[in-house]
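So the protein lines, in turn, are chains A, B and C. For the first sequence, my numbering assigns the number 851 to the initial residue and increments by one for each residue that follows. For the second sequence, my numbering assigns the number 51 to the initial residue and increments by one for each residue that follows. For the third sequence, my numbering assigns the number 987 to the initial residue and increments by one for each residue that follows. Cβ coordinates follow ideal geometry from the N, Cα and C atoms, glycine included. In this text the structure is predicted, and so the values were computed from the model without any measurement.
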Amino acid sequence: MKQQELTCIGCPLGCTVTVTTNDLPGPDGENILSVTGNTCPRGDSYARKEVTCPTRIVTSTVRVRGGTSPLVNVKTASAIPRDKIFDCMNAIKDVTVTAPVHIGDRILSNVAGTDVDVVAARNIPSAEV
Amino acid sequence: MILPPLFSFRISCEKENHTMYDIAIIGAGVTGCAIARELSRYDASVCVLERGEDVCCGTSKANSAILHAGFDAAPGSLKAEFNVRGNAMMDALCEELDIPLKRNGALVVCTKEEDRPALAQLLDRGVTNGVSGLRIIERNELIRMEPSVSDDAVCALYAPGSGIVCPFEMTIAFAENACANGVSFFRDTEVLSLHRTTEAGGGYEIRTVRTGTETEHIFTAKIIVNAAGVYADRFNNQVSSRHLHITARRGEYFLLDKTAGSHVSRTIFQLPSAMGKGVLVTPTVHGNLLIGPTAGDVEDKEAVNTTQSGLSALTASCARSVKDIPLRQVITSFAGLRAHEEGGDFIVGEASDAPGFINAAGIESPGLTSAPAIAERVAAIAKDLLSLREKADFIPVRRGILRPQTLTMEERSALIRRHPEYGAIVCRCEMISEGEILDAIRRPLGARSLDAVKRRTRAGMGRCQSGFCSPRTMELLAREVPMAVTEITKSGAGSAILTGVPPKPQKDGKE
Amino acid sequence: MKNHDLVIIGGGPAGLAAAVSAKDHGIDDIVIIERDKEPGGILNQCIHNGFGLHTFGEELTGPEYADRFICQTAARKITCQLNTMVMDLKAGPDFKTVTAINRKDGIFQIHAKAVILAMGCRERPRGALNIPGTRPAGIFSAGTAQRLVNMEGLMPGREVVILGSGDIGLIMARRMTLEGAHVSVVAELQPYSGGLKRNIVQCLNDFGIPLKLSHTVTDIEGTDRLCAVTIAQAGPDGRPVPGSETRYPCDTLLLSCGLIPENELTRGAGIRIDPVTQGPVVSDSLETSAEGIFACGNVLHVHDLVDYVSLEAAAAGKNAARYIRGGRSAAGGTIAIRPENGVRYTVPAFISPDGTDETVTVRFRVDRIYRNHTIAVYFDNTPVSRRKRPVMAPGEMEQVILDRKKLAASPDLHSVTIRIEAPA
C-alpha cells in the first residue's frame, strides 16, 4: 500500500487529499483504494487523475528569424504527461522559425512522442526590411 | 588590455608596456577628478588611474550630496579652510561645468533647551571659520520655514549658504572637462604598488593591473597625486615613512521617492549630542528625500553593504529632527565609506620625505564641498615642482548631457524633430529619453555599464529602480559600445547582468 | 492641439477592453496611447497558460488573451498610438488635457472629453523592501526576469532564490527551471502564499521547489555579482528570528513582493488616491474624483485574474461613453462603501444613487485567510445579505453584487458596510 498527499487545485480551498493505492501497476486507476481529505467531488477526480496520469500544458519560446521580435512563445496544443515536460523542453529548445508566425502555426509535431503538437501562441509579423 | 586614452597627444614618452606621464593621479573620485581638471590648465601630461570601471565609483557616489556651509569643522583645520573656500568657488564652477546646484540652506535643529549652548558654540565656530549669514532662529520662525520639523525643536542654527549638489554629476563633470583638456583616464586600472625610481630626476614607477584580469602595466610619473580614498594610506605608506592610517567609516542611507521630496525644503541636521552626531534629512537636487548617514567603522574597506542594525538606527534617528517622514516611500537604501584619517583632518600636501608625492588623503566630509579648493592647492604644488605654465587653449566650459526636461515644449519638439531619439522615453519613472542615454554612452569617458548610465542620466534611479528600463538600456549599450548583451555589467568586471545559460542555438524548425 | 472624445492611457488588457466597450456604446473618436511598441501590455511576457477561463471559456496564454482584444480593437478600427508616453494629465470640466511624447510628433497635447486611466502597475523593487546587504548584479524583480527570458531570450542566472510567492514569482520559478536554472527555494514573508494554489502545485511541487512560508531574506552578499542570500524565519512581528538563518549560495535573486498601481499621472492631475489600494478613489461608475476621468484594471487596484480586469474595463468604457454622450458626471455619489472587519478596501469606494445599472459590483480583498466565514453586507446598520465562503485569501479578489432596486428602496441610505464575519 502506498499513500500520496496532494494539494487540490480545484479552488482556493486547496484541500490536502490523500490517495491510497495498492502496489500493483494500474494505469487506469483501478489500483486506487481510497481518496480522502477532499471536500467536494472535484477533489476526488482531480486526485485520481494526478495519481494515475498527471498532465500539463507546457509553454516556452522559440527563436524567430526575420521577425519583429526575436522570440515567439509556443505551447503544447493540449496537456502532455507531466514526466514528458523536460523531453518536450529539449525538443523545443533548438528550434528556430522564420517570420511571419501566426497563432496556431504548428512548430513541432508529436513532441517527445506524446502525439501532441507544439503550436505558436503569438503572432510575429516579418520585420520590415 | 589598457583602454586607449581618448587624448594621447600629451603622453611624453611611450615604451613597450610602460607609459610615462608628468603627473599620475590615483583615484577618479571627486577629489582626483577635481585635481585632474585643475591640472589640465597646465602644459603637463596628466593621467588618472582608476580601479573602477567608471569615475565616481567609491565614496563619491555614496554620500550626503551636501554643499556644506563650513560651520562644522574645527577652526584652523584644513577641513575648515577648504570647506569655506570650496563653498565659495561652487557657484561659478557649477555654472562653468553645468552641474546642478541648489543653495537650499541648512538648519541645525536643537531639540533640548539645555543644548542651546552647544548651538551657540556651533555658530561661533562658523563665524570663526568665515561662514557668512549664520544666525540662530527660534521655534516660531523655524516652524514657518520647515513645518515638518520635530515637535521637540526649540531653535536652530540657520546656514543660508548650505546647498545640495549631485555628486555624480560633479565628479563626471570634472572628469569630462579634464579629459577635454587632454588628461588621460585609465579606468579598470588598479594600482598595485608604487616605488621611487632610481633614475636621475626622480619620479615614481606605478605597477597596475587591469581590473578583473592579470594583465599588468607600468606607468611612470614625475609626480603622483594620491587621491585613493579609503586606500590612500596604503599608497602613502609605500613611499613615505610618515605613515597614514585611514579607517573606512560606513554610512548608511535611505533614499525616498520624489513624492516625499518636499517633506523638508532645507537640509536638516541634528545638533550633535550625547546621542551621537545624528542623521540629516535633506531634499536632493533632483527632488528626492535623503536620510543618513549612520557612522560605524568597518575593517573591510569594501564593506559597502547596508545592515539591519544600520537601517533600524536610521529609522529611529531621523524622527528626532523631522516628524512624519513617509518611510514607506523608501526606494532604495545604500552605504558609503568615508576615508577617516586618524588625525581627523584632511591630509593635503607633498609628503615631507617623498618628493613629488602629493597627498589628497583622508578626504571625508566635507570632501565634496572641498574638492575644488583641494584641487587648487594640489595644482599649485605641482605647478611649483614642475614649473608648469598655463595653456592658452584651456577649455573651462563643459556642457552636461542635454536635459530635455529643462526645455520648453516648443524647444523640446524642435529637438525631437532633429533627433527623434529624444522623443522615446526609456526610463518612465525619471522620464529619461533614449537621446540622453545615447549621449551618456557616446560622450568622452562614456558609460559602459548600467550603473554608469544611471549616474549620468538618472535612468533607473527612480521608483521602480530600473525594473522597466534596464532591458532597453542594455539593448542600447550593446548596440552602441558595441558589446554582446551578455558582457554588459551592472558596475564593471564581475558584475555581469546575465549569467544564465547561453542563448539558444539556432536550428531550423516550423513545419 | 488635437481633439478626441476619449483618450485611453495604456494599451494593456484594461485599455483594450475599455476601448472596445466604449466603441460598442457609441463612441467613435477614441485613441489608445501605449508606451510600448505593441499593444497587450504585460500579457505579452506572460507566456504561461491559464488566462481567459472566465471570459472565453478556454485556457489561453497571455499573448493569446491579448490578441483576442487586439483583434477586437482592430475590427472596430480603434486607433492605438504606440511608442508614445503620456507625460502629463490635467483635469477640467470641459475637457482634459493629455500631454504626450513620441519620436514622430515630438511633444503634443490632446483635448479629450473623457479619459480612461489604464496604466497598470509596477513591481515593488528591492529598495522598498529594506533588505540589508550589498547591491550586486543579479537581483531582479520577477517581472523584469520574465521579460528578459520570455521576450529577449536572455537568462539572468543559473542558481536562483525567489523572495515572495506572488504568482509572478511562482511562474518564474517554473520558467527558470524549464530553461535550465536551479531554483533552490521560494521564501514568503507571510504565513500564506499570495499566489494561486494551482501555481504552487504546478510551478513548485512539480519540480520539487520548496516554499518556505513566514521566511524572508535578511542579508545579500556579493560585491560584484550576487553570491549568496541569507533566509531567516520571520516572527509574528515580521522580524527575523535569531538563529533561524540559512545561507543559500546563489547568483540570482528574484523578487515577487507585491505590485503597486502606477498612478504618477493620476497624482499629477490632483486625483484622490486611496491609501490602501494606491489607486484612485472611484464611484460605482469607475469615475475618479476628477469629472470625466475613469480608471480600470491594475492602475485602479491590483487584480488576481485578467478576466476581472476585462470586465471592469468594459464597465469603465461604457460609463465613459455615457459621460461623453450625456456630458454630465455621475459623480457626487453620497453612499459610501465602508470596508470593515477584514475587508481591506472596496472598489468602488462609493455609490452614486442616481446610477442606472441594475447592479453594482463591489470588488475587495481580505486581510488574511478566512475559513468558513461570511461576507456580510449592511445598509447603514441593517443587515441585507450574508454569503458564506469556505475560504477567502488575500491573494484572491472577492466581490459583492448589490441590487440597484434595493439601493433605491432605501432613499436615506448613507453607507453600505461590507464585513467578514465569523460563523454564528
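Pairing B:Ala119 with B:Gly180 gives a Cβ-Cβ distance that is not under 8 Å. For A:Ser976, the closest Cβ of chain C is not nearer than 8 Å. In summary, the residues of the region 1100–1116 of chain C whose CB is separated from some CB of chain B by less than 8 Å are Arg1108, Glu1109, Pro1111, Arg1112, Gly1113, Ala1114 and Asn1116, in the order they occur in the chain. CA-CA distance, C:Thr1209 to C:Tyr1356, rounds to 43 Å. Look at B:Arg467: its C-beta is under 8 Å from a C-beta on chain C. The beta-carbon of A:Lys852 is placed no less than 8 Å from the nearest beta-carbon of chain C.
Ranking C:Asp1192, C:Ile1406, C:Leu1175 and C:Leu1212 by CA distance to the CA of A:Glu900 puts C:Asp1192 first. Using a Cβ-Cβ cut-off of 8 Å, C:Glu1298 does not count as an interface residue toward chain B, since no Cβ of chain B sits closer than that to its own. For the region 1112–1141 of chain C, the residues whose beta carbon sits under 7 Å from a beta carbon of chain A are, in order, Asn1136, Met1137, Glu1138 and Gly1139. At a cut-off of 8 Å between C-beta atoms, B:Gly473 counts as an interface residue with respect to chain C. A straight line joining the alpha-carbon of B:Arg175 with that of B:Arg292 spans about 30 Å.
With respect to chain C, the C-beta atom of A:Asn888 has no partner C-beta closer than 8 Å.
Annotation for A:Leu883: Met851, Thr870, Thr871 and Asn872 place their beta carbon closer than 8 Å to its own, counting only its chain and skipping 5 residues before and after. Among the CB atoms of chain B, one or more fall inside 8 Å of the CB of C:Arg1211. Residues of the region 949–970 of chain A that bring their beta carbon within less than 8 Å of a beta carbon in chain C comprise Ile953, in sequence order. CA-to-CA, the gap between C:Ile1019 and C:Val1101 works out to about 11 Å. The beta-carbon distance between B:Ala474 and B:Glu484, rounded to whole angstroms, is 4 Å. This is short enough to meet the 8 Å contact definition. Burial state of B:Asn227 is buried, judged by a 10 Å Cβ sphere holding 16 or more other Cβ atoms. Taking the CA atoms as reference points, C:Lys1183 sits about 10 Å from C:Leu1190.
Close to C:Arg1021, with beta-carbon spacing below 9 Å, are these residues of chain B in chain order: Ile475 and Arg478.
Taking the Cβ atoms as the reference, B:Leu387 lies roughly 5 Å from B:Val280, within the contact range of under 8 Å. Of B:Thr258, B:Thr357, B:Glu196 and B:Arg498, the smallest CA-CA separation from B:Asp374 is found for B:Glu196. Contact annotation for A:Ile907 against chain C: Asn1035 and Glu1045 [CB-CB distance below 8 Å, chain order]. With fewer than 16 other CB atoms across the displayed protein chains lying within 10 angstroms of its CB, B:Arg449 is exposed. Here C:Gly1312 carries a helix assignment [DSSP, helix/strand/coil].
One Cα belongs to C:Leu1115, the other to A:Thr857, and the distance between them is close to 31 Å.
Residues of chain C whose Cβ lies closer than 7 Å to the Cβ of A:Ile859 are, in chain order, Lys1183, Arg1184 and Val1187. Around A:Arg932, the beta-carbon contacts reaching into chain C at under 8 Å are Asp1192. Taking C-alpha positions only, C:Ala1220 is separated from A:Ile859 by approximately 27 Å. Taking C-beta separations shorter than 6 Å and ignoring five residues to either side along the sequence, the partners of B:Tyr71 in its chain run Ser95, Cys97 and Ala271, following chain order. C:Glu1273 does not reach chain A, its nearest Cβ partner there being about 31 Å away, counting only Cβ pairs nearer than 8 Å. The C-alpha of B:Val289 is placed about 45 Å away from the C-alpha of B:Gly550. Listed along chain B are Ile475 and Met481, each with a C-beta nearer than 9 Å to that of C:Met1073. In this structure C:Gln1385 is in contact with C:Val1348, their Cβ atoms being roughly 6 Å apart against a cut-off of 8 Å. Between the region 182–197 of chain B and the region 378–393 of chain B, the count of C-beta pairs closer than 8 Å stays below three; the two stretches do not touch. For the set C:Val1006, C:Ala1086, C:Val1333 and C:Arg1054, the Cα lying nearest the Cα of C:Arg1021 is the one of C:Ala1086.
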